[in-house]
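Take a look at the structure below.
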Amino acid sequence: MARSLLERLAALERSVGRRPEATPDGADGGDAAGSQAADGGAATPGEAATGTAPRPGGDIVRESAAPPGAGTAPAAGATGAASSEGLWALGFRPVDPSGGVWYRTLRYDLLTVHGRRQFADLARCDLSAAARALGVDELPAERLRFYDTETTGLGQGAGNVPFLHAVARIEGDELAVHQYFLADHTGEPDLLTALTADHFAPGSVVVTFNGKSFDWPLLQARLALWRLPRVAAAHADLIHASRRLWRRRLGRVALAEVEAGVLGIHRSGDLPGREAPARYFAWLEDGRADWVEPVFEHNAADVCSLAVLLVVVADLLAGREPARGAEEWLALARWYDAWQAYDLAARCYTGAAASPDAGYEARWLKSLFHKRHGEWAEAVGIWTQLAEAYPHAVPPLVELAKHYEHRAGDLEAAARWAWEAWARASALARVADEEAARWREVADHLRHRIDRILRRQAAAARVSRSSGASPGTPAAAPAGAGSRTPRAQPRG
130 MARSLLERLA ALERSVGRRP EATPDGADGG DAAGSQAADG GAATPGEAAT
180 GTAPRPGGDI VRESAAPPGA GTAPAAGATG AASSEGLWAL GFRPVDPSGG
230 VWYRTLRYDL LTVHGRRQFA DLARCDLSAA ARALGVDELP AERLRFYDTE
280 TTGLGQGAGN VPFLHAVARI EGDELAVHQY FLADHTGEPD LLTALTADHF
330 APGSVVVTFN GKSFDWPLLQ ARLALWRLPR VAAAHADLIH ASRRLWRRRL
380 GRVALAEVEA GVLGIHRSGD LPGREAPARY FAWLEDGRAD WVEPVFEHNA
430 ADVCSLAVLL VVVADLLAGR EPARGAEEWL ALARWYDAWQ AYDLAARCYT
480 GAAASPDAGY EARWLKSLFH KRHGEWAEAV GIWTQLAEAY PHAVPPLVEL
530 AKHYEHRAGD LEAAARWAWE AWARASALAR VADEEAARWR EVADHLRHRI
580 DRILRRQAAA ARVSRSSGAS PGTPAAAPAG AGSRTPRAQP RG
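Heads up: the sequence shown begins at 130 in the numbering used here, then just goes up one per residue.
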């Protein structure tokens with residue numbers, strides 16, 4: 130009977146004597162994941178063990194066997210021979226004798242440390258909550274396909290050609306990175322056929338970073354251009370979860386920023402992705418492999434980072450990794466709230482509000498959660514604090530006015546909070562140029578609210594006088610209200 134991935138992983142850990150710990154940035158990874166075997170066995174990227182990206186070279190194992198139908202010698206011709214020899218030296222093999230498409234596989238032991246994580250954590254972590262957050266039914270570790278492309282441009286038009294595709298996947302006790310390189314545009318149908326047949330079978334789950342907007346539609350467009358069958362696969366795009374979790378902290382949510390700011394991955398001498406098209410065109414001109422070697426390394430490191438990024442997102446959602454800061458707590462709270470996991474949502478809203486970096490948003494969203502669940506004392510307490518701590522904030526005062534009018538029945542307090550809210554909104558309408566119209570509308574709504582409260586106070590006073598009781602005192606308008614003070618309107 131075939132062993133499960135976790136069983137194979139446990140056997141692998143026993144074979145190296147212990148499970149290595151992830152090392153912090155710059156720490157010595159030692160022999161954590163074993164050493165490279167003399168016969169070409171699994172290798173440990175030395176740079177990955179110290180928090181940098183895996184790179185092709187001495188710290189990877191390249192697939193020695195070419196795929197079926199691969200050529201066996203460099204192409205003829207001066208430039209062709211030079212370019213072919215360079216690709217062969219980098220571990221690529223031609224998919225067919227024409228040399229239009231080249232292919233290689235880089236293999237990493239699952240115990241390899243990449244940033245602060247091991248690739249093996251894909252098998253250990255609970256991916257069920259991550260699947261829900263990413264909008265797919267499930268994320269089975271052995272059917273995940275981490276996918277990235279390098280292209281000749283940025284658009285979706287027919288002139289933008291993906292010249293390099295990478296797919297990382299778990300194979301046995303290794304993470305295999307398969308790369309397909311387009312050496313001649315006429316070979317693209319063969320490349321696309323091999324890529325889709327090898328990796329995107331039914332049941333596979335594609336994992337990308339911004340792939341729903343770029344890589345995947347581009348792949349489908351290229352398939353359609355060559356009249357090849359389109360690929361139907363579940364797709365989990367990590368950029369949306371990353372934005373929710375870290376947009377404020379990182380500013381620009383690109384993969385490089387997520388690597389450095391979240392994953393603990395610091396690439397040394399990495400080629401910026403924007404330079405990849407120029408490198409490819411230079412290679413087409415003279416066939417020198419040193420033009421495109423950094424592109425291959427960058428592309429392989431990208432898909433390796435997708436694997437550990439998924440682990441981090443999954444562990445945060447499963448509670449295996451504590452949230453750091455109000456932004457992460459709020460992201461988790463919103464997911465749990467939407468899934469009606471209210472106990473978990475309450476815990477996360479509380480964590481957000483209690484974080485040292487908690488601001489207005491964390492406490493405001495916590496108050497709305499209490500309001501939705503009828504926890505009025507908690508909500509009113511937060512609104513009162515926000516009204517005092519943020520002298521220009523209007524929404525907490527509006528909520529207090531509504532609460533005291535409709536729930537507490539304290540018209541005097543309702544009028545007081547409504548007047549204060551109206552004064553703040555009117556002030557913002559005078560100074561907030563871009564949103565002046567919105568604040569004027571808010572002030573107008575508040576004037577109607579104040580009118581209604583005043584009418585109710587007047588009616589209550591009449592009832593009190595007729596019964597001999599002492600009427601309440603209507604709340605006074607704020608100083609400076611002048612002619613803009615709302616007047617009671619006759620009932621329609």
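For glycine and all other residues, C-beta sits at the position ideal for the given N, C-alpha and C.
field: Residue environment, S593, which counts as buried when at least 16 other CB atoms sit within 10 Å
entry: On the sequence shown, residue 593 is found 464 positions in, with the first residue counted as 1. Classification of S593: exposed, given that the 10 Å Cβ count is below 16.
query: Helix, strand or coil for L304 per DSSP?
result: Mapped onto the sequence shown, residue 304 falls at position 175. If DSSP states are grouped into helix, strand and coil, L304 belongs with the strands.
field: Exposed unless 16 or more other CB atoms sit within 10 angstroms - verdict on P331
entry: Counting from 1 along the sequence shown, the entry for residue 331 is found at position 202. By the C-beta density criterion, P331 is exposed, having fewer than 16 other C-beta atoms within 10 angstroms.
task: Measure the alpha-carbon distance for G180 versus A429 and round it to whole angstroms.
output: In the sequence shown, counting from the first residue as 1, residue 180 sits at position 51. In the sequence shown, counting from the first residue as 1, residue 429 sits at position 300. Residue confidence is low: G180 scores 40 on pLDDT, short of 50, so the model does not pin down where it sits. Its coordinate-derived value is still stated next. Approximately 16 Å between the Cα atoms of the pair.
- prompt: Do three or more CB pairs link the region 336–349 to the region 267–278 at distances below 8 Å?
  reply: yes
- request: Compare the Cα-Cα distances from L529 to each of P520, Y519, R545 and H521 and report the closest residue.
  value: Translated into positions along the sequence shown, residue 529 becomes position 400. Out of P520, Y519, R545 and H521, R545 has the C-alpha closest to the C-alpha of L529.
message: Between G510, L459 and R553, which has its C-alpha nearest D486's C-alpha?
response: By one-based count along the sequence shown, residue 486 stands at place 357. Answer by Cα proximity: L459.
task: Could you give the DSSP three-state label for L311: helix, strand or coil?
output: Along the sequence shown, read from residue 1 onward, the residue named residue 311 stands at position 182. The answer is strand: DSSP assigns L311 an E or B state.
Nonlocal neighbours in the same chain, by C-beta distance under 6 Å from A260, ignoring five residues either side: Numbered from its first residue, the sequence shown carries residue 260 at position 131. E267 and L268.
message: Tell me the rounded alpha-carbon separation between S362 and V509.
response: Taking the first residue of the sequence shown as 1, we reach residue 362 at position 233. Taking the first residue of the sequence shown as 1, we reach residue 509 at position 380. For the sequence presented, residue 362 should be read as Ala rather than Ser. Answer to the nearest angstrom: the Cα atoms are 48 Å apart.
task: Confirm, please, whether the CB-CB distance from V387 to A297 is below 8 Å.
output: As a working mapping, residue 297 is identified with position 168 in the sequence shown. As a working mapping, residue 387 is identified with position 258 in the sequence shown. No, these two residues do not count as a Cβ contact at 8 Å.
query: Is the Cβ-Cβ distance between R553 and L526 less than 8 Å?
result: Looking up residue 553 in the sequence shown gives position 424. Looking up residue 526 in the sequence shown gives position 397. Going by C-beta atoms, R553 is nearer than 8 Å to L526.
query: Are there 16 or more other CB atoms within 10 angstroms of the CB of G294, so buried, or fewer, so exposed?
result: Stepping through the sequence shown from its first residue, residue 294 is reached at position 165. Note that residue 294 corresponds to His in the displayed sequence, not to Gly. It counts as buried.
message: Let's test the definition: count the other Cβ atoms within 10 Å of the Cβ of F248 and tell me whether it reaches 16, buried, or not, exposed.
response: Numbered from its first residue, the sequence shown carries residue 248 at position 119. Per the 10 Å Cβ criterion, buried.
message: Give me, in chain order, the residues of the same chain whose beta-carbon lies closer than 6 Å to that of A443; leave out the 5 immediate sequence neighbours on both sides.
response: On the sequence shown, residue 443 is found 314 positions in, with the first residue counted as 1. So the list reads C254, L256 and A259, once near-sequence residues are dropped.
- prompt: How long is the line joining the alpha carbons of R417 and A350, rounded to whole angstroms?
  reply: By one-based count along the sequence shown, residue 417 stands at place 288. By one-based count along the sequence shown, residue 350 stands at place 221. So the alpha carbons of these two residues sit roughly 30 Å apart.
message: Which same chain residues end up closer than 6 Å to R585 when comparing Cβ atoms and leaving out the 5 residues on each side of it in sequence?
response: Here the question's residue 585 lines up with position 456 in the sequence shown. Cβ neighbours of R585 beyond the five flanking positions: L540.
- request: Can you tell me which of the three DSSP states Q469 falls into?
  value: By one-based count along the sequence shown, residue 469 stands at place 340. The answer is coil: DSSP assigns Q469 none of H, G, I, E or B.
Cut-off 7 Å between Cβ atoms - residues of its own chain near H314, not counting five sequence neighbours on either side: By 1-based counting over the sequence shown, the position of residue 314 is 185. Within the same chain, H314 has close Cβ partners V290.
- prompt: In whole angstroms, what is the alpha-carbon distance linking R578 and A470?
  reply: Taking the first residue of the sequence shown as position 1, residue 578 is located at position 449. Taking the first residue of the sequence shown as position 1, residue 470 is located at position 341. Answer to the nearest angstrom: the Cα atoms are 35 Å apart.
- request: Give the DSSP bridge partners of S291, in chain order.
  value: Reading the sequence shown from its first residue, position 162 is the one you call residue 291. Residue 291 is actually Pro in this sequence, not Ser. DSSP lists T280 as partners of P291.
message: Based on DSSP bridge pairs, tell me the residues matched to Q349.
response: Counting from one through the sequence shown, the residue named residue 349 turns up at place 220. None; Q349 has no bridge partner.
message: Could you compute how far the alpha carbon of Q618 sits from the alpha carbon of R576?
response: Working through the sequence shown from its first residue, we reach residue 618 at position 489. Working through the sequence shown from its first residue, we reach residue 576 at position 447. Bear in mind that a pLDDT of 39 at Q618, under 50, signals an unreliable position, so the number given afterwards is only what the model happens to contain. Here the C-alpha atom of Q618 lies approximately 11 Å from the C-alpha atom of R576.
- request: Tell me whether Y237 sits in a helix, a strand or coil according to DSSP, three-state version.
  value: Along the sequence shown, read from residue 1 onward, the residue named residue 237 stands at position 108. Y237 falls in the strand class under three-state DSSP.
message: Short of 7 Å in beta carbon distance, which residues of its chain neighbour L384, apart from the five on each side in sequence? Order them along the chain.
response: Taking the sequence shown and counting its residues from 1, the one referred to as residue 384 is at position 255. Once the five neighbours on either side are set aside, the close Cβ partners of L384 are F338, D431 and S434.
- prompt: Whose C-alpha, out of R372, S371 and L320, is nearest the C-alpha of L357?
  reply: Sequence index remark: in the sequence shown, residue 357 carries index 228 (1-based). Ranking the options by Cα distance to L357, first place goes to L320.
- prompt: CA-CA distance, R236 and T280?
  reply: For the purposes of this step, residue 236 is identified with residue 107 of the sequence shown, where counting begins at 1. For the purposes of this step, residue 280 is identified with residue 151 of the sequence shown, where counting begins at 1. Those two C-alpha atoms are separated by around 24 Å.
query: Starting from A447 and walking both ways along the alpha helix (DSSP H), at which residues does that stretch end?
result: The residue you call residue 447 lines up with position 318 of the sequence shown. Segment A418 to A447, the alpha helix (DSSP H) holding A447.
message: Since W464 and L446 should fall inside the 8 Å C-beta cutoff, what is the C-beta to C-beta distance between them, to a whole number of angstroms?
response: Within the sequence shown, residue 464 is the residue found at index 335, counting from 1. Within the sequence shown, residue 446 is the residue found at index 317, counting from 1. A Cβ-Cβ separation of about 7 Å places W464 in contact with L446 under the 8 Å criterion.
- prompt: Does the distance from the C-beta atom of A506 to that of L515 stay below 8 Å?
  reply: As a first step, residue 506 must be located in the sequence shown, where it is residue number 377. As a first step, residue 515 must be located in the sequence shown, where it is residue number 386. No, Cβ-Cβ distance for A506 and L515 is not below 8 Å.
- prompt: For W355, which three-state DSSP category applies?
  reply: Reading the sequence shown from its first residue, position 226 is the one you call residue 355. It is coil, neither helix nor strand.
Alpha helix (DSSP H) segments (min. 4 residues) lying fully within the region 448–534: Counting only runs of 4 or more residues that sit fully inside the region 448–534, the alpha helix (DSSP H) segments are 454–467, 471–483, 489–501, 505–518 and 524–531, in chain order.
query: What's the call for P197, buried or exposed, on a 16-neighbour Cβ count within 10 Å?
result: Start at 1 with the first residue of the sequence shown, and residue 197 comes out as number 68. Unreliable placement is indicated for P197, whose pLDDT of 41 sits below 50; no coordinate value is reported for it.
task: Inspect the beta-carbon positions of E457 and L374 and report whether they are closer than 8 Å.
output: Within the sequence shown, numbered from 1, the residue matching residue 457 stands at position 328. Within the sequence shown, numbered from 1, the residue matching residue 374 stands at position 245. Yes. Within cutoff.
- request: Please classify L273: does DSSP put it in a helix, a strand, or coil?
  value: Working through the sequence shown from its first residue, we reach residue 273 at position 144. In this structure, L273 counts as strand in the three-state DSSP scheme.
- prompt: Mind checking F425: buried by the 16 CB within 10 Å criterion, or exposed?
  reply: Working through the sequence shown from its first residue, we reach residue 425 at position 296. By the Cβ-count criterion, F425 is buried, with 16 or more other Cβ atoms from all chains shown falling within 10 Å of its own Cβ.
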